[in-house]
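Here is the structure we will look at.
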Amino acid sequence: MKICYMALYNITNEIACFVFKEHGWNPIDSLRRAWGKLCNAYLTEAKWFTSGRVPKADEYLKNAVISTGTHMVYVHIFFLLGEVITKESIETLEGCPTMIYSLGKILRLWNDLGNAKVNVTSYANVQIFLIKKTSADNLYNFW
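The sequence shown begins at 40 in my numbering and counts up by one.
Given below as structure tokens:
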């Protein structure tokens with residue numbers, strides 16, 4: 040585990056150094072928070088799995104959007120591109136904007152449907168979510 044942590048720590052610091060040299064902004068705090076969110080999402084899913092608890096659809100999807108890694112990838116891409124790095128843009132990015140949230144939701148549901156043949160719990164969560172969200176009133180606002 041120490042080796043994995045050191046690799047993650049080193050690559051995150053290398054990316055932060057590169058961004059600082061290229062764009063004059065040190066993103067280490069944002070990168071650490073992004074990795075922290077991802078690890079916490081994984082930990083939450085592991086707790087659900089080991090306890091046998093099936094979360095509510097909204098609770099599952101809120102965590103699943105983070106555990107897809109889309110938010111973490113966008114944070115890294117944002118800093119590596121170096122365009123329009125301001126405090127406001129960073130605050131917006133760290134709050135998981137709608138575009139990132141929607142992409143994460145699509146990817147997770149797609150992944151869960153693909154794994155449905157192997158993992159019945161995953162398929163049940165997708166079914167519960169779809170039944171809840173696809174009533175005639177909510178169909179238009181689904182995505």
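Backbone N, C-alpha and C define an ideal beta-carbon position, used for all residues, glycine too. Please read all numbers here as calculations on a predicted model, not as lab measurements.
Closest option to L148, judged by alpha-carbon separation, among R92, M45, M111, A96: A96. Residue nearest to E84 within the set F59, K41, L100, L142 is L100 (criterion: CA-CA distance).
For T131, the uninterrupted alpha helix (DSSP H) segment begins and ends at 126–133.
Under the criterion of beta carbons closer than 8 Å, L146 and T109 qualify as touching, at roughly 6 Å.
Annotation: the continuous alpha helix (DSSP H) that includes N79 extends over 67–90. Cα atoms of M111 and T51: separation of roughly 11 Å, rounded to the nearest angstrom. A check of alpha carbon separations from F57 across I124, E122, F118 identifies F118 as the nearest. The beta-carbon separation of L77 and H115, rounded to 11 Å, does not stay under the 8 Å limit for a contact.
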